[in-house]
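Q: Last residue of the sequence shown? That's 238 in this note's numbering, and every number before it is there in order.
Think of the CB as a built atom: it goes at the ideal place given N, C-alpha and C, for glycine as much as any other residue.
Values in this document were obtained by computation on a predicted structure and should not be read as measured data.
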Amino acid sequence: MTQRPGIASPEEDPNVEILCASPPCFMHELDPAWLGLLSWEQIRAWRRAERAALIARRLAVPVAARLERDDAITVHVRAAVPDLARRHVGFYWPFKGEYDPRPLARALHREGARLALPMVATKGRPLIFRAWRPGTRMMQGVWNIPIPAQGEEVTPDTLLVPLVGFDARGYRLGYGGGYYDRTLAAMAPRPVAIGIGFENGRLATIHPQPHDVRMDLTVTEAGATGIGAGSGPAEPTP
Numbered sequence: 001m002t003q004r005p006g007i008a009s010p011e012e013d014p015n016v017e018i019l020c021a022s023p024p025c026f027m028h029e030l031d032p033a034w035l036g037l038l039s040w041e042q043i044r045a046w047r048r049a050e051r052a053a054l055i056a057r058r059l060a061v062p063v064a065a066r067l068e069r070d071d072a073i074t075v076h077v078r079a080a081v082p083d084l085a086r087r088h089v090g091f092y093w094p095f096k097g098e099y100d101p102r103p104l105a106r107a108l109h110r111e112g113a114r115l116a117l118p119m120v121a122t123k124g125r126p127l128i129f130r131a132w133r134p135g136t137r138m139m140q141g142v143w144n145i146p147i148p149a150q151g152e153e154v155t156p157d158t159l160l161v162p163l164v165g166f167d168a169r170g171y172r173l174g175y176g177g178g179y180y181d182r183t184l185a186a187m188a189p190r191p192v193a194i195g196i197g198f199e200n201g202r203l204a205t206i207h208p209q210p211h212d213v214r215m216d217l218t219v220t221e222a223g224a225t226g227i228g229a230g231s232g233p234a235e236p237t238p
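(1) Quick test of your reading: R133 and L115, contact by CB under 8 Å. State the CB separation rounded to the nearest angstrom.
(2) Can you find the residues in the same chain that come closer than 6 Å, C-beta to C-beta, to A105, ignoring five residues on each side of it along the sequence?
(3) Just mark V161 as buried or exposed, buried being the case when its beta carbon has 16 or more other beta carbons within 10 Å.
(4) Establish whether the CB of G226 and some CB of chain C are separated by less than 8 Å.
(5) Measuring CA to CA, which of A53, G197 and V213 is closest to Y99?
(6) Could you say which of G112, G174 and R169 lies nearest to L163 if we only look at CA atoms?
(7) Counting only runs that start and end within the region 137–209, where is the alpha helix (DSSP H) found for 4 or more residues in a row?
(8) Cα separation between R182 and V61?
(9) Is the beta carbon of R130 less than 8 Å from the beta carbon of E153?
(10) Please report the straight-line C-alpha distance between L59 and H109, rounded to a whole angstrom.
(11) For L117, which beta-bridge partners are listed by DSSP?
(12) By DSSP's criteria, A49 is part of a beta bridge. Which residues make up the other side?
(13) Alpha carbons only, please: which of D212, P82 and D83 is nearest the one belonging to A185?
(14) Compare the beta carbon distance of G201 and L37 with 8 Å and say whether it is the shorter of the two.
(15) Below 8 Å, how does it come out for the region 213–220 and the region 75–90: are there three or more Cβ pairs, yes or no?
(16) Once DSSP output is grouped into helix, strand and coil, what is the label at T220?
(17) Assuming V89 is part of the beta strand (DSSP E), what are its boundary residues?
(18) Alpha carbon to alpha carbon, how far is G165 from R51? Give it in angstroms, no decimals.
(19) Do G141 and V120 have their beta-carbon atoms positioned less than 8 Å apart in this structure?
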């Protein structure tokens, strides 16, 4: 995807120049909204409203239920990607009621995995990743999300990506900044993208656009669903 300098996301400017993050799709793969049934302005407004509702919904979940749900997600991530400890994993610091991947990250570190956290180095540009391990000195980054205070820039081969919402085709509704879409489109080779969300964030569609990048795997407390290029979802894990 290419865009004008200084623009953080196509959702933030309806006039931003948009190019596909992947090769052109067949017409039958395009979302009806992209074929003109909904305008981009309508889609942007819908996404803003849906995003706010989904975040409020997950923040309303009691703490005990959140912990139980997180434990289930961890089990499903492990089952879906059994060699995770042999990978270079980029995870995230939890924000606004997201699944907390830190216990999983600490366990993976004990098992020999290399780990990294994302950070916004420049607004409107892809994320960069810094190496992380338990005890790494942290500082406040953008939106007051902790990031490693220093360390080498690294390139993970697998990313745990937070989902606000998602659909059955593996498309992700995030926070509207476009950072993960931009990052995945820019990385070569592209890392495996594991979207992590909750069942109450499941949507019929996010009205995907050419700049939206599909997850390779979507994991919730109910199981893991794999997405193949140009195909429908695989069977969830039990």
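A: According to the structure shown:
(1) At roughly 6 Å, the Cβ-Cβ gap stays under 8 Å, so R133 and L115 are in contact.
(2) Within the same chain, F91 and L115 come within 6 Å of A105 by CB-CB distance, once the 5 residues on both sides are set aside.
(3) Taking a 10 Å sphere around the C-beta of V161, we find 16 or more other C-beta atoms and assign the residue as buried.
(4) Absent from the structure is chain C; it holds one protein chain and no more.
(5) For Y99, the nearest C-alpha among the options comes from G197.
(6) Of G112, G174 and R169, the smallest CA-CA separation from L163 is found for G174.
(7) The region 137–209 contains, as complete alpha helix (DSSP H) runs of 4+ residues, the segments 179–186 (chain order).
(8) If I take the Cα positions, the gap works out to 31 Å.
(9) Contact: yes.
(10) Each residue's alpha carbon lies about 29 Å from the other.
(11) DSSP, once it has assigned bridges, lists R130 as partnering L117.
(12) Note: A49 is not bridge-paired with any residue in the DSSP secondary-structure output.
(13) Per the Cα distances, D212.
(14) Taking 8 Å as the cut-off, the beta carbon of G201 is found no closer than this to the beta carbon of L37.
(15) Verdict: yes, contact present.
(16) The answer is strand: DSSP assigns T220 an E or B state.
(17) The continuous beta strand (DSSP E) containing V89 extends over residues H88 to G90.
(18) C-alpha separation (whole angstroms): 7 Å.
(19) The Cβ atoms of V120 and G141 sit closer than 8 Å to each other.
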